[in-house]
């Protein structure tokens, strides 16, 4: 029987030597820069057309026509489990197929940075990889705690920005005189004073030919 | 009188007041604002609204016999309508005349109290809605994990706000135990402290919005209303069991750490559910800070802390800011998200219907009302109301997906 993994086509590589960043146990490059639409994955199960089989699907459909940096991960790191555990966890009981294809015995490549890498940034790929490798070598509870703190700080800043926007909205909607609530939903119909229209004649002001109340024929 | 001491000078001493008022409560409304911003808000009447779907496309495909054979008859599409009703929420705020007069200029106070009350009202209302949107349309905010004399631990105290009135029920569809007021909601220890003793409250009781009927499907729809992976319950009053797999959401019980293969599996399930061309820019991954941190623990990102550690070798590429994506999809980190879950939401399929958009309650243009005193005369106090009447709807639930059971890191959410 042909392994479903053989269905996967080779991805399109960016023409940049990547071997200098390390090798996998099988001698392949540790990092690769590939065209996202050319990276495929196996999906096994019952499809909407009724067929139960493995099909080749885009791995990064959501990324679009961009280049991505991938790093090789061991099977254990990629899946977080042994092959035996994988066979139980990922096997679709109705079809007997593995949802993500066979256990990646030789490891798998996965997208780094969570975002595409622009061609103009490729000159800096060495720095990115240095940062990734640094982070992989310095994992600790303290590090996770600091990351969590920084995430919270990000959220705090986002909230502060929202607050500022909301305050501006409230202040914009406030009446001209005094603090009175008004409509923040769009149309203003608050307690602002209504415009009182008084005819010029009633005020005793001079009314001449160039004044707005002068009507023809009068 | 002897030597003058400092007590004799107090009358003329000026007191320094820090010119910023620290807001100690949580008022963000991440997902609620996002759905408002990114999706269509549909105005509806007070009548139940209808959401048509097409679970069965129809037509019969078969082998043909064109040598005089019977070609058979066909079938057509079968439409199914989902229905829903708007639900109403109101939030009252009050202050006295003197509280405004005593604070209405910079010389009197650092913050205009009436201004502050109005600003906080809009923020807290958004926060309450953001908490409700995490729920399952029973107006349940969270479940009691353990109960003490005047406190209870919960899964995520961020779902509550200080001073909030809540109803505690034995279970959804059960009996009302009592109504209590939350003194403080501490997210770090996942503890709610109440203003009074909470007698009769035990593990497993549910904490609901004040005034809830306690019944399932009686409140505002939320993530857990639509993120259901089994063919049980209803989608907009359509029995899921009537069309198995059509109104469900792909799900993976992770039961541990968040690995790359888990995220890829989720993607595979969406592919299987919808066939193709479903993943686009409108998909966001809604999660709590725990899941954001879990993803960073995979060390495939240049984690932000590396900025300092990696030194000058990375200064131009790395920022002290969290990555805004998870495997290429936008990460919507929400402190009110239920920890342990990541919900992949296709926001183009989420929308709100509203009979009454969020606004101040208004009578003839007046939105601030005097309160009556016991004598029948006016009390020197004002009240105003923020109100909203609407409902949240998600269609094409199979284009969403969720992970559950993601390990919660030590030190977060009381773990």
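Chains as they are written, first to last, in our numbering: chain H, 99 to 316; chain X, 748 to 1162. Every residue, glycine too, gets a C-beta built ideally from N, C-alpha and C.
Distance between residue j and residue i (C-alpha atoms, nearest Å)
i: residue 1110 of chain X; j: residue 832 of chain X; result: 25 Å
i: residue 115 of chain H; j: residue 1037 of chain X; result: 37 Å
i: residue 243 of chain H; j: residue 148 of chain H; result: 47 Å
i: residue 960 of chain X; j: residue 915 of chain X; result: 11 Å
i: residue 198 of chain H; j: residue 905 of chain X; result: 36 Å
i: residue 968 of chain X; j: residue 883 of chain X; result: 6 Å
i: residue 888 of chain X; j: residue 1083 of chain X; result: 10 Å
i: residue 1096 of chain X; j: residue 992 of chain X; result: 17 Å
i: residue 851 of chain X; j: residue 843 of chain X; result: 13 Å
i: residue 190 of chain H; j: residue 253 of chain H; result: 38 Å
i: residue 154 of chain H; j: residue 807 of chain X; result: 28 Å
i: residue 1132 of chain X; j: residue 188 of chain H; result: 52 Å
i: residue 981 of chain X; j: residue 864 of chain X; result: 40 Å
i: residue 1139 of chain X; j: residue 250 of chain H; result: 28 Å
i: residue 813 of chain X; j: residue 793 of chain X; result: 55 Å
i: residue 1156 of chain X; j: residue 825 of chain X; result: 47 Å
i: residue 984 of chain X; j: residue 946 of chain X; result: 36 Å
i: residue 890 of chain X; j: residue 1086 of chain X; result: 13 Å
i: residue 911 of chain X; j: residue 150 of chain H; result: 52 Å
i: residue 1013 of chain X; j: residue 815 of chain X; result: 49 Å
i: residue 165 of chain H; j: residue 196 of chain H; result: 28 Å
i: residue 1072 of chain X; j: residue 1115 of chain X; result: 43 Å
i: residue 753 of chain X; j: residue 262 of chain H; result: 41 Å
i: residue 217 of chain H; j: residue 913 of chain X; result: 54 Å
i: residue 896 of chain X; j: residue 933 of chain X; result: 16 Å
i: residue 276 of chain H; j: residue 266 of chain H; result: Because residue 276 of chain H sits at a pLDDT of 49, beneath the cut-off of 50, its placement in the model cannot be relied upon, and the point is left open.
Best match in the options for proximity to residue i [C-alpha to C-alpha]
i: residue 881 of chain X; options: X/868, X/903, X/899, X/926; result: X/903
i: residue 257 of chain H; options: X/873, X/1150, X/879; result: X/873
i: residue 1104 of chain X; options: X/1134, X/841, X/1097; result: X/1134
i: residue 161 of chain H; options: H/194, H/252, H/154, H/214; result: H/214
i: residue 156 of chain H; options: H/145, H/136, H/165; result: H/136
i: residue 821 of chain X; options: X/813, X/815, X/804, X/837; result: X/804
i: residue 227 of chain H; options: X/1047, X/858, X/913; result: X/1047
i: residue 223 of chain H; options: H/107, H/110, H/118, H/302; result: H/118
Same chain only: Cβ atoms within 8 Å of residue i, ignoring 5 sequence neighbours per side
i: residue 1126 of chain X; result: 1117, 1118, 1119, 1120
i: residue 168 of chain H; result: 129, 130, 131, 132, 137, 207, 208, 209, 210
i: residue 838 of chain X; result: 868, 871, 872, 875, 1132, 1133, 1134
i: residue 819 of chain X; result: 807, 809
Beta-carbon proximity check, residue i vs residue j, cutoff 8 Å
i: residue 1078 of chain X; j: residue 1148 of chain X; result: no
i: residue 126 of chain H; j: residue 171 of chain H; result: no
i: residue 930 of chain X; j: residue 941 of chain X; result: yes
i: residue 730 of chain X; j: residue 841 of chain X; result: Only positions 748 to 1162 of chain X appear in the structure, and residue 730 of chain X is not among them; the question remains open.
i: residue 143 of chain H; j: residue 103 of chain H; result: no
i: residue 1043 of chain X; j: residue 245 of chain H; result: yes
i: residue 1006 of chain X; j: residue 973 of chain X; result: no
i: residue 939 of chain X; j: residue 899 of chain X; result: yes
i: residue 987 of chain X; j: residue 978 of chain X; result: yes
i: residue 953 of chain X; j: residue 901 of chain X; result: no
i: residue 927 of chain X; j: residue 949 of chain X; result: no
i: residue 220 of chain H; j: residue 112 of chain H; result: yes
i: residue 935 of chain X; j: residue 1146 of chain X; result: no
i: residue 861 of chain X; j: residue 847 of chain X; result: yes
i: residue 212 of chain H; j: residue 1074 of chain X; result: yes
i: residue 1008 of chain X; j: residue 1088 of chain X; result: no
i: residue 1098 of chain X; j: residue 1076 of chain X; result: no
Other residues of its chain near residue i: CB distance less than 6 Å, five sequence neighbours each side excluded
i: residue 797 of chain X; result: 828, 830
i: residue 835 of chain X; result: 1136
i: residue 140 of chain H; result: 102, 152, 199
i: residue 878 of chain X; result: 888, 906, 1083
i: residue 177 of chain H; result: 184
i: residue 998 of chain X; result: 976, 1149
CB-CB length for residue i against residue j, believed under 8 Å
i: residue 1049 of chain X; j: residue 238 of chain H; result: Not confirmed; about 17 Å, so no contact.
i: residue 158 of chain H; j: residue 134 of chain H; result: 4 Å
i: residue 1153 of chain X; j: residue 1001 of chain X; result: 5 Å
i: residue 1081 of chain X; j: residue 777 of chain X; result: 4 Å
i: residue 956 of chain X; j: residue 909 of chain X; result: The pair is not a contact, with the Cβ atoms about 16 Å apart (cut-off 8 Å).
i: residue 990 of chain X; j: residue 799 of chain X; result: That belief does not hold up - the Cβ atoms of residue 990 of chain X and residue 799 of chain X are roughly 14 Å apart, past 8 Å.
i: residue 1144 of chain X; j: residue 994 of chain X; result: 6 Å
Any non-hydrogen atom of the ligand HEM closer than 7 Å to residue i Cβ
i: residue 249 of chain H; result: Absence of the ligand HEM is noted for the structure shown, with no ligands found whatsoever.
Close-in-space but distant-in-sequence residues of the same chain around residue i (CB under 7 Å, 5 per side omitted)
i: residue 51 of chain H; result: With chain H covering only 99 through 316, there is no way to say anything about residue 51 of chain H.
i: residue 110 of chain H; result: 132, 133, 136
i: residue 106 of chain H; result: 138, 140, 154
Residue i at chain A interface by Cβ criterion, 8 Å
i: residue 880 of chain X; result: Included in the structure are the protein chains H and X, with no chain A among them.
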